[in-house]
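Visitor: Okay, handing you the structure first.
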């Protein structure tokens, strides 16, 4: 069956042998409750939530061959998981099953197995089973409530723009490969020597992962430190870990050029007025991404743009109230997959008019997936100061948590911010192993406007990473100003002691 000419009924899109929906074409005069433009994670989340609310949903993907967002995220997770297993095996003195002919372990094999397992669970198949209609082709708005896909016009009651970002190609595009999930899908072996240009979250995470899989890794950055947008104390922990694991950090470079030398590549670096050459097999670069909105003709739908994307209000509505926007297309601060998914669900709920809400009520998280991870939720101290919110800070080093000590993962800390004089949380940052799991609990406390006292009320397993919750609650209780009830209790106990009572 030719995927370019297949026509399907919208209510029952066919599914191929791999479980993914085949190409379907719209028919004239079709009308949907919700049309989602783009294959960003926010779009998939909006489609899932829209179907749950009983809406007739169509998802328009401009490119048929776009990598499934669920597969892209899972493939990156597979890389981190394989690298983690390699590090733990090396620490325990074990080795992977390898190539007996050359007598060395093969770290790529576990990653390939995890990658294949991730590719077998595309999000498109799940949405197709839920009844989402997939429309593939170039999309363009024609008026405030209509969009043209593949030459056919369809109308909608509400729409969500969740367009992904396009990578900005490097100057030496022939020699430098962009640091994107698609690269992992095509990867056939772990490069013996590689250079990664960039100092952002993905560059640091991939550098650590490939180093653990056995590559000689050079992490080259223009800034004086890695992760320039993160907390300085958290960055120091990650930078020490990368250096200790053998990643060559080349920071503060003023220029980096790539030249081909036979089958290898020569990296020419300039740092502090000195030039240095390093021979590598492959060069990856963390590339910037920008939304490509011109072809969608948003101006015909009366959708206005901001400096870094589509302008939205606190309900994620654009200047056309029929159309919402979610995810990376709204700006850099919404680029995280967790944030994008939360915005997609909010758009669908607001589009249904049944459960309207505001973006300010969402508790947005951010995570840098190195080891240890950096995760934060809610307000940072600088954001609280900008909003004139006085805060108290409580900090627990991970070296005081039982599981971290026993697992030799003592680096890092957890820091929470509460409104001054109360225990009500407004933000938190965690630098720890699997910090993204810890930060979810803090996010729940912030969303429910709960106090740190509630952390002490819930049971936690001894010698687990959740011991940090008890430690934080104890830290808060010991350092807060004594309440009148505590002062009364102290006087009562003093009177009992003087009276000789037991």
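Numbering (the working numbering), first residue to last: 7 to 508. All C-beta atoms in this analysis are idealised placements derived from N, C-alpha and C, irrespective of residue type, glycine included. As the structure is a prediction and not an experimental result, all values here were calculated from the model.
Measure the alpha-carbon distance for residue 201 versus residue 341 and round it to whole angstroms.
Guide: Within the chain shown, the letter at position 195 stands for residue 201. Within the chain shown, the letter at position 335 stands for residue 341. In a straight line, the C-alpha of residue 201 is about 25 Å away from that of residue 341.
Visitor: Are residue 479 and residue 453 close, meaning C-beta to C-beta below 8 Å?
Guide: Stepping through the chain shown from its first residue, residue 479 is reached at position 473. Stepping through the chain shown from its first residue, residue 453 is reached at position 447. No, Cβ-Cβ distance for residue 479 and residue 453 is not below 8 Å.
Visitor: Based on DSSP bridge pairs, tell me the residues matched to residue 255.
Guide: Position 249 of the chain shown, counted from the start, is the residue given in the question as residue 255. For residue 255, which the question treats as bridged, DSSP gives the partners 225.
Visitor: Where in the segment 356 to 380 do unbroken runs of the beta strand (DSSP E), each at least 3 residues long, occur, reported from the N-terminal end onward?
Guide: Complete beta strand (DSSP E) runs here, min 3: 371 to 374.
Visitor: Secondary structure at residue 403, three-state DSSP: helix, strand or coil?
Guide: Position 397 of the chain shown holds residue 403. Of the three classes helix, strand and coil, the one that applies to residue 403 here is strand, per DSSP.
Visitor: Does the distance from the C-beta atom of residue 437 to that of residue 380 stay below 8 Å?
Guide: Indexing the chain shown from 1 puts residue 437 at position 431. Indexing the chain shown from 1 puts residue 380 at position 374. Yes. Within cutoff.
Visitor: Quick one: residues in its chain with C-beta nearer than 7 Å to the C-beta of residue 249, no 5 flanking neighbours on either side, listed in chain order?
Guide: Indexing the chain shown from 1 puts residue 249 at position 243. Answer for residue 249: 255, listed in chain order.
Visitor: Is there contact here, the segment 52 to 60 with the segment 341 to 361, by at least three beta-carbon pairs under 8 Å?
Guide: Because the criterion of three Cβ pairs below 8 Å is met, the segment 52 to 60 and the segment 341 to 361 touch.
Visitor: Of the choices 227, 475, 169, 119, whose alpha-carbon is the least far from that of residue 259?
Guide: Here residue 259 is taken as the residue at index 253 of the chain shown, counted from 1. It is 227 whose Cα lies nearest to the Cα of residue 259.
Visitor: Tell me whether residue 290 sits in a helix, a strand or coil according to DSSP, three-state version.
Guide: In the chain shown, counting from the first residue as 1, residue 290 sits at position 284. Residue 290 falls in the strand class under three-state DSSP.
Visitor: Could you say which of 229, 334, 78, 209 lies nearest to residue 167 if we only look at CA atoms?
Guide: In the chain shown, the residue the question calls residue 167 occupies position 161. Checked all of 229, 334, 78, 209; the closest Cα to residue 167 is 334.
Visitor: Can you tell me where the beta strand (DSSP E) holding residue 67 begins and where it ends?
Guide: To locate residue 67, count along the chain shown from 1; it is residue 61. 63 to 67 is the extent of the beta strand (DSSP E) around residue 67.
Visitor: Give a yes or no on whether the C-beta atoms belonging to residue 153 and residue 160 are separated by under 8 Å.
Guide: Stepping through the chain shown from its first residue, residue 153 is reached at position 147. Stepping through the chain shown from its first residue, residue 160 is reached at position 154. Going by C-beta atoms, residue 153 is nearer than 8 Å to residue 160.
Visitor: Specify, as a first and last residue, the run of the beta strand (DSSP E) that residue 163 falls within.
Guide: Locating residue 163 in the chain shown gives position 157, where the first residue counts as 1. Unbroken beta strand (DSSP E) run through residue 163: 158 to 167.
Visitor: Identify which residue in 460, 485, 301, 392 has its Cα closest to the Cα of residue 475.
Guide: Within the chain shown, the letter at position 469 stands for residue 475. The residue with the shortest Cα to Cα distance from residue 475 is 460.
Visitor: Determine the burial state of residue 192: buried for a count of at least 16 other Cβ atoms within 10 Å of its Cβ, exposed for fewer.
Guide: On the chain shown, residue 192 is found 186 positions in, with the first residue counted as 1. Classification for residue 192: exposed.
Visitor: How long is the line joining the alpha carbons of residue 372 and residue 336, rounded to whole angstroms?
Guide: Position 366 of the chain shown, counted from the first residue, corresponds to residue 372. Position 330 of the chain shown, counted from the first residue, corresponds to residue 336. Answer to the nearest angstrom: the Cα atoms are 16 Å apart.
Visitor: Along the chain, where does the beta strand (DSSP E) containing residue 270 start, and where does it finish?
Guide: Within the chain shown, residue 270 is the residue found at index 264, counting from 1. Run containing residue 270: 270 to 277, per the beta strand (DSSP E) assignment.
Visitor: In the DSSP assignment, find the beta strand (DSSP E) that holds residue 318 and state where it starts and stops.
Guide: Taking the chain shown and counting its residues from 1, the one referred to as residue 318 is at position 312. Where residue 318 is concerned, there is no enclosing beta strand (DSSP E), given that its DSSP letter is neither H nor E.
Visitor: Rounded C-beta distance between residue 207 and residue 432? I'm assuming under 8 Å.
Guide: The count along the chain shown starts at 1 and reaches residue 207 at position 201. The count along the chain shown starts at 1 and reaches residue 432 at position 426. Not quite, the Cβ-Cβ distance comes to about 24 Å (not below 8 Å), so this is no contact.
Visitor: Would you mind reading off the limits of the alpha helix (DSSP H) that contains residue 460?
Guide: Counting from 1 along the chain shown, the entry for residue 460 is found at position 454. From DSSP, the alpha helix (DSSP H) with residue 460 extends over 459 to 463.
Visitor: Once you ignore the five residues that flank residue 317 on each side, which residues in its own chain have a CB closer than 7 Å to its CB?
Guide: As a first step, residue 317 must be located in the chain shown, where it is residue number 311. Around residue 317: 310, 311, 324, 325.
Visitor: Decide yes or no for the touch test of the segment 443 to 450 against the segment 381 to 394: beta carbon pairs closer than 8 Å, at least 3 of them.
Guide: At 8 Å Cβ cutoff, the stretches touch.
Visitor: One question on the structure: do residue 440 and residue 490 come within less than 8 Å of each other, judged by their Cβ atoms?
Guide: Taking the chain shown and counting its residues from 1, one reaches residue 440 at position 434. Taking the chain shown and counting its residues from 1, one reaches residue 490 at position 484. No, the pair does not count as a contact, with Cβ atoms beyond the cut-off.
Visitor: For residue 296, which of 222, 171, 282, 306 has the nearest alpha-carbon?
Guide: The sequence position of residue 296 within the chain shown is 290, counting from 1. For residue 296, the nearest C-alpha among the options comes from 171.
Visitor: Mind the definition here: the segment 261 to 279 touches the segment 393 to 406 only if three or more C-beta pairs lie below 8 Å; say whether that holds.
Guide: No, because fewer than three Cβ pairs between the segment 261 to 279 and the segment 393 to 406 fall closer than 8 Å, the two stretches do not touch.
Visitor: Between which two residues does the beta strand (DSSP E) containing residue 147 stretch?
Guide: In the chain shown, residue 147 corresponds to position 141, counting from 1. Here the beta strand (DSSP E) through residue 147 covers 145 to 149.
Visitor: Check each candidate in 209, 347, 127, 457 and name the one with the smallest Cα separation from residue 86.
Guide: Your numbering for residue 86 matches position 80 in the chain shown. Here the closest residue by C-alpha is 209.
Visitor: CB residue 181 to CB residue 264, shorter than 8 Å?
Guide: Here residue 181 corresponds to residue number 175 of the chain shown, with the count starting at 1. Here residue 264 corresponds to residue number 258 of the chain shown, with the count starting at 1. Yes.
Visitor: Would a C-beta distance cut-off of 8 Å place residue 199 and residue 221 closer than the cut-off?
Guide: For this step, residue 199 is matched to residue 193 along the chain shown. For this step, residue 221 is matched to residue 215 along the chain shown. Yes, these two residues count as a Cβ contact at 8 Å.
Visitor: Could you have a look at residue 71 and say whether DSSP puts it in helix, strand or coil?
Guide: For the purposes of this step, residue 71 is taken as residue 65 along the chain shown, with counting starting at 1. Interpretation of residue 71 is limited by its pLDDT of 46, a score under 50 that renders its predicted location unreliable; no figure is taken from the coordinates.
Visitor: With a Cβ-Cβ cutoff of 8 Å, do residue 307 and residue 150 count as a contact?
Guide: For this step, residue 307 is matched to residue 301 along the chain shown. For this step, residue 150 is matched to residue 144 along the chain shown. In contact: residue 307 and residue 150 (Cβ atoms closer than 8 Å).
Visitor: If we ignore side chains and look at the alpha-carbon of each, how far apart do residue 195 and residue 283 end up?
Guide: Working through the chain shown from its first residue, we reach residue 195 at position 189. Working through the chain shown from its first residue, we reach residue 283 at position 277. Cα-Cα distance, rounded: 24 Å.
Visitor: If you measure between the beta carbons of residue 183 and residue 290, is that distance less than 8 Å?
Guide: As a working note, residue 183 is residue 177 in the chain shown. As a working note, residue 290 is residue 284 in the chain shown. Against a cut-off of 8 Å, the Cβ pair of residue 290 and residue 183 comes out as a contact.
Visitor: Which one or two residues does DSSP pair with residue 433 in a beta bridge?
Guide: Position 427 of the chain shown, counting from 1, holds the residue named residue 433. Paired residues: 384, 423.
Visitor: Just verifying my parser: in three-state terms, what is the DSSP assignment at residue 498?
Guide: Within the chain shown, the letter at position 492 stands for residue 498. Residue state, collapsed to three classes: helix.
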